[in-house]
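Structure, as structure tokens:
Residue numbers (the working numbering), protein chains in the order written: chain A, 321 to 676; chain B, 8 to 297.
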């Protein structure tokens, strides 16, 4: 169904008029969202968009290049702390600060990509995991980072602070628009990157690194580049996250967060930008909204409270989100290794020839 | 002071090594890195705690009951979660075991809550025993050394001489060939998981006796033990224990000199070492052939 006849068809942004139509409709919906959404939901949407940016970036590394990272919370933390600290201490405007912070994250990604040249599978997992924990502890120990108490994000100033050019964004809705614009740009950027020479090099490394090397792909350059690009996305996402939550401490960037990021990508579908977006939306929604107050769910909530009273403890019911996420992760690997993107493909195939 | 640090480091390291062996056994046979290992041990420890406090069983009854539970838990996870997965990738297996980890942690949190408990264990860290005049060790340390030595010898004998152990090694070398030779590979995997869960539960109870019991208590020890296993080379069981000892000593000495960096020194060492030796210190590095 997806036959491509020339290069232009491969790189074009919208495959058909239908895709164009729905994309525009979706963008219109997203841009008018604050008009008909209560404020708390906008906060949720902000978190979702931040995670979309991160998942798309992580997908470049995990889905397209075939490397494993259990340390993305570290890059995320670098972005969050970097942006806030650069703005607080150097008084740079927000756009400069976030790009600088993301570049620092990218540099760290490049550094962690160096050992990754020689490691694979579980060895790579432990190396990245160690990196993430190291970042968390370093931030927790150094006074300049606010230590264990965490820091409060400065006012989000798009222009030069304290001058006539100052433009401070306040409230969830204004931040929402900022994140939305950045997210759309970065998603399109990731999608286009995968259609270039670099993207094809990434995919060839995923499929077989030795064959890729034989074909003339420089593994050193492209593996580290994949880590750097992915870390850059995580840095941008982290910088935005700092302003969404406005207060953060080092221990919110823990291993569980890294696992959650990886879960978003796998549940959404490896090696597809759309999949990463779907996974980020689903997992964030489950984590921050649906499973947060599980006892208030219709039908299921009452049942769970009854079960808790009988065999478990009601106070421990907050742990139900872990159980649900664990089951989702297991189910995805067993039943649908392609993730939500695989389900989407099957739905599309079914409806394409529907009456037959 | 030096001997104190050394012995304490060795004891902790032996505990890491023991737990790392549990990880390594599964990796050796089925190429799965079991991220749920820590939580399997945690759940078993909680079961022991529950049997002893809620039902009032004495320790010598609760202990074997817990070990039986651990074996069944390991087998159940293999049968329910890993067996149905069809030709999973490395990442798929990672996600699968991470999912099992979150599931078990959630269950334990649901049942026993997040507050920290003291685990009543036979051997105490605070009771010293004089082995020969002028040289005293605490019970816990002696227990760890004895247990690790016993487990190592038993594992060596098991893999060298028993039919099942040889079947496990055959399965690791070539699954298809093992099948042709009449080995029920799936059964071997279940038994492997049971065995590993048993060893993990033993180590977890020792960790719980040293710290506190809560649903998160195995996260840090598991990561250290995994790091130790990677350090020694995941496929060599003596290597894993030596890796654990190296890690324990390094961590203890660093922890003494710079206490605030103690949590991360292990990982920095690991990253440096596996960058130089990508398969760990004691495993043969297989170069991939096309």
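Note that CB positions come from ideal geometry on N, CA and C, so glycine has one too.
Neighbourhood of residue i by C-beta distance below 7 Å, restricted to the same chain and skipping five residues each side
| i | result |
| --- | --- |
| residue 474 of chain A | 404, 407, 408 |
| residue 659 of chain A | 586, 587, 588, 589, 590, 595, 599, 652 |
| residue 399 of chain A | 421, 422, 425, 554, 555, 556, 557, 558, 559 |
| residue 526 of chain A | 384, 385, 386 |
| residue 231 of chain B | 23, 254, 273 |
| residue 69 of chain B | 55, 58, 59 |
| residue 290 of chain B | 240, 241, 242, 243, 246 |
Integer-rounded CB distance, given that residue j should sit under 8 Å from residue i
| i | j | result |
| --- | --- | --- |
| residue 489 of chain A | residue 479 of chain A | Incorrect: roughly 10 Å between the Cβ atoms, too far for contact. |
| residue 394 of chain A | residue 452 of chain A | 4 Å |
| residue 12 of chain B | residue 260 of chain B | 6 Å |
| residue 603 of chain A | residue 110 of chain B | Between residue 110 of chain B and residue 603 of chain A the Cβ distance is about 15 Å, and since that is not below 8 Å, they are no contact. |
| residue 650 of chain A | residue 107 of chain B | 7 Å |
| residue 510 of chain A | residue 368 of chain A | Going by Cβ atoms, the distance from residue 510 of chain A to residue 368 of chain A rounds to 17 Å, so no, they are not a contact pair. |
| residue 361 of chain A | residue 499 of chain A | That pair is no contact at about 14 Å. |
| residue 281 of chain B | residue 439 of chain A | 6 Å |
| residue 495 of chain A | residue 401 of chain A | With a Cβ gap of about 18 Å, residue 495 of chain A and residue 401 of chain A do not count as contacting. |
| residue 95 of chain B | residue 442 of chain A | Not confirmed; about 14 Å, so no contact. |
| residue 185 of chain B | residue 192 of chain B | 6 Å |
Buried or exposed (CB count within 10 angstroms, at least 16 for buried), residue i
| i | result |
| --- | --- |
| residue 133 of chain B | exposed |
| residue 247 of chain B | buried |
| residue 411 of chain A | exposed |
| residue 63 of chain B | exposed |
| residue 73 of chain B | buried |
| residue 22 of chain B | buried |
| residue 537 of chain A | buried |
| residue 41 of chain B | buried |
| residue 160 of chain B | exposed |
| residue 623 of chain A | exposed |
| residue 534 of chain A | exposed |
| residue 157 of chain B | exposed |
| residue 472 of chain A | exposed |
| residue 35 of chain B | buried |
| residue 435 of chain A | buried |
| residue 180 of chain B | exposed |
| residue 239 of chain B | buried |
| residue 583 of chain A | buried |
| residue 545 of chain A | buried |
| residue 630 of chain A | exposed |
| residue 119 of chain B | buried |
| residue 330 of chain A | exposed |
| residue 676 of chain A | exposed |
| residue 531 of chain A | exposed |
Other residues of its chain near residue i: CB distance less than 6 Å, five sequence neighbours each side excluded
| i | result |
| --- | --- |
| residue 681 of chain A | In the structure as shown, chain A starts at 321 and stops at 676, and residue 681 of chain A therefore has no counterpart that could be examined. |
| residue 16 of chain B | 255, 256, 259 |
| residue 130 of chain B | 146, 147, 150 |
| residue 569 of chain A | 470 |
| residue 503 of chain A | 369, 372, 373 |
| residue 672 of chain A | none |
Sequence-distant residues of its chain with Cβ nearer than 8 Å to residue i (five each side left out)
| i | result |
| --- | --- |
| residue 226 of chain B | 45 |
| residue 449 of chain A | 390, 391, 575, 578 |
| residue 138 of chain B | 144, 149 |
| residue 112 of chain B | 46, 49, 222, 223 |
| residue 566 of chain A | 472, 473 |
| residue 136 of chain B | 143, 144, 145, 146, 149 |
| residue 86 of chain B | 197 |
Chain-ordered residues of the stretch 261 to 279 of chain B with a beta carbon less than 7 Å from chain A = 267, 270, 271, 274, 275, 277, 278
key: Residues, ordered as in the chain, of the stretch 106 to 129 of chain B that lie near chain A by beta-carbon distance below 9 Å   = 106, 107, 108, 109, 110, 111, 112, 113, 114, 115, 116, 117, 118, 119, 120, 121
request  = Please list the residues of the stretch 613 to 631 of chain A that have a C-beta atom closer than 8 Å to any C-beta atom in chain B, keeping them in chain order.
outcome  = 628, 631
query = Relative to chain B, which residues along the stretch 650 to 661 of chain A have a C-beta separation below 9 Å, given in chain order?
reply = 650, 651, 652, 653, 654, 655, 657
request  = Indicate whether the contact test is met: 3 or more Cβ pairs, each with one atom in the stretch 238 to 255 of chain B and one in the stretch 19 to 28 of chain B, closer than 8 Å.
outcome  = yes
message = Beta carbons nearer than 7 Å to chain B: which residues of the stretch 430 to 446 of chain A have them?
response = 435, 438, 439, 441, 442, 443, 445, 446
message = Using 8 Å as the cut-off, can you tell me whether the stretch 145 to 156 of chain B makes contact with the stretch 197 to 217 of chain B, which would need three or more C-beta pairs spanning the two stretches below that distance?
response = yes
query = If we count Cβ pairs, one from each stretch, closer than 8 Å, do we get three or more for the stretch 556 to 563 of chain A versus the stretch 434 to 448 of chain A?
reply = no
query = Taking a cut of 8 Å between CB atoms, which residues from the stretch 222 to 244 of chain B lie near chain A?
reply = 222, 226, 230, 233, 234, 237, 241
request  = Taking only beta carbons into account, state which residues of the stretch 85 to 99 of chain B come closer than 7 Å to chain A, listed in chain order.
outcome  = 88, 91, 92, 95, 97, 98, 99
key: Residues in the stretch 37 to 52 of chain B having any Cβ partner in chain C nearer than 8 Å   = Among the protein chains of the structure shown, namely A and B, there is no chain C.
message = I'd like to know if the stretch 200 to 211 of chain B and the stretch 78 to 86 of chain B are in contact, where contact means that at least 3 CB-CB pairs between them fall below 8 Å.
response = yes
ask   = Okay, do the stretch 120 to 129 of chain B and the stretch 218 to 233 of chain B touch, 3+ Cβ pairs below 8 Å being the bar?
value = yes
task = Select from the stretch 448 to 478 of chain A all residues with a C-beta closer than 8 Å to any C-beta belonging to chain B, and list them in chain order.
result = 449, 450, 451, 453, 454, 457, 458, 461
message = Does the stretch 90 to 108 of chain B come into contact with the stretch 614 to 633 of chain A, if we say contact requires no fewer than three beta-carbon pairs (one atom in each stretch) closer than 8 Å?
response = no
key: Residues, ordered as in the chain, of the stretch 356 to 385 of chain A that lie near chain B by beta-carbon distance below 8 Å   = 382
request  = Name, going along the chain, the residues of the stretch 577 to 590 of chain A whose beta-carbon falls closer than 8 Å to a beta-carbon of chain B.
outcome  = 579, 582, 583, 586, 590
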